[in-house]
Amino acid sequence: MTLPDDLPIVRSARRVLKTEAEAILQMVDALPEDFADVVELVLNTKGRVIISGVGKSGHIGRKISATLASTGTPSYFVHSAEASHGDLGMITADDICVLISNSGETNELRDILLHTRRFNIPMVAISSNLTSTLMQAADFKLNLPNLPEACAIGMAPTTSTTLTLALGDALAVSVMEQRGFGSEDFLKNHPGGKLGAQLSRVADLMHKGESVPTVDADTAMSDVLLSMTSKGFGITGVLENGALLGVISDGDLRRHMGDLMEKTASQIATLDPVTVTPDLFAAQALALLNEKKISALMVVDAAKRPVGIVHIHDLLRAGVA
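Residues in the sequence shown are numbered consecutively from 41, following our numbering.
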């Protein structure tokens, strides 16, 4: 449902979103000249990226720091007021500092600024005022387009904070891509919650060892039924010389009900079944289960030997969906 334009609330919301979107697009065409140098600086630093700011800039700084840390760049947010009362000791000569102030004249950043100058700590400034005290003192300048705020009175930090956040995201992602930081690395920093579940591997969730239902190709169906019933997955793997020849599911049993007990496992099995490898993402295994409309998958190694079994309920319980 599209909201009508004649409602003042809707007009306000759309004006704000349009103003901020246009500001970001303007920054796309006017990326700060020092941006690439800052990416190289972050990549080559031996320590952490220390970020500080006051008020709304501080809130944005915390988010940028968190994004950097979660994508492979050690980072920490230092509150400027606490820095003046001992937390400057958290900033070492191996670190770099990113100070955020839209005006570039935030008094509370003075002590951190002077600390970086005293100990030759590289300092990056993010501001829309190139002539400000902060920008003039900075080693690297990430200047934001000096555009009106989106609020009606033009004073509440809106456009400026959106631009700062977007620039921080651009910095974090650029560094991440230059590092070659991939999904495996991302999982190490996100073991919990939905992201962790979606990035887990089949090997993390599969049943192994004695839990895996398998029978030999010449096994009588009476023993096959016992295997399927005792393991509780609704399928069993059929092996030939240790490799997976096929699987028998409840559907296979129903299709051969007439003469079922006269057959052997290989005569009932669905040959060349759908399988997965242990290193497949759990989310991909779930998609395969849904696509094939099956409830369990045999997990095999490179030689097609069964090493596990994963059931759709295992994936759902882990929060993969």
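Idealized CB from N, CA, C, for every residue including glycine. Nothing here was measured: the structure is a model prediction, and the numbers come from that model.
Do residue j and residue i come within 7 Å of each other at the CB atom, strictly closer than that value?
i: V255; j: L320; result: no
i: A63; j: L187; result: yes
i: L174; j: S124; result: no
i: G101; j: I90; result: no
i: V56; j: A196; result: no
i: I308; j: I334; result: no
i: T310; j: D258; result: no
i: I152; j: S120; result: yes
i: G277; j: L266; result: no
i: L182; j: L203; result: no
i: I352; j: L328; result: no
i: L337; j: V360; result: no
i: G282; j: R357; result: no
i: L149; j: L139; result: yes
i: S240; j: A106; result: no
i: N169; j: G194; result: no
i: V82; j: V215; result: yes
Tell me, which residues are paired with residue i by DSSP?
i: F321; result: R241
i: G348; result: V339
i: T254; result: G277
i: A358; result: Answer is none; A358 lacks a bridge partner.
i: T260; result: Note on identity: in this sequence residue 260 is Ala, with Thr being the wrong assignment. In DSSP, A260 forms a bridge with T304.
In chain order, what residues of the same chain lie with their CB nearer than 7 Å to the CB of residue i, ignoring the 5 residues before and after it?
i: I348; result: Here residue 348 is Gly; the residue named in the question, Ile, does not match the sequence. Contacts found: M246, H247, K248, V252, P318 and V339.
i: R88; result: P114, S115, Y116 and D135
i: E80; result: none
i: K332; result: V314
i: H99; result: none
Using a Cβ-Cβ distance cut-off of 7 Å, determine whether residue i contacts chain C.
i: T198; result: Absent here is chain C; the protein component of the structure consists of one chain.
Excluding five sequence neighbours on each side, which residues of the same chain lie with their C-beta closer than 6 Å to the C-beta of residue i?
i: L300; result: M261
Excluding the 5 residues flanking residue i on each side, which residues of the same chain have their C-beta closer than 8 Å to its C-beta?
i: E280; result: D256, A257 and S306
* Could I get the ranges of all uninterrupted beta strand (DSSP E) runs contained in the region 161-198, with 3 residues as the minimum, in chain order? => 163-167 and 180-183
* What runs of the alpha helix (DSSP H), each 4 residues or longer, lie entirely inside the region 98-170? -> Segments of the alpha helix (DSSP H) lying fully in the region 98-170: 120-123 and 150-158.
* Identify every run of the alpha helix (DSSP H) within the region 271-320, keeping only runs that are complete inside it and at least 4 residues long; order them along the chain. => 290-295 and 305-308
* Asked: Taking three-plus beta-carbon pairs below 8 Å as touching, is the region 148-165 in contact with the region 178-185?
  -> yes
* Would you be able to state if there are at least three C-beta pairs under 8 Å between the region 210-221 and the region 67-84? => yes
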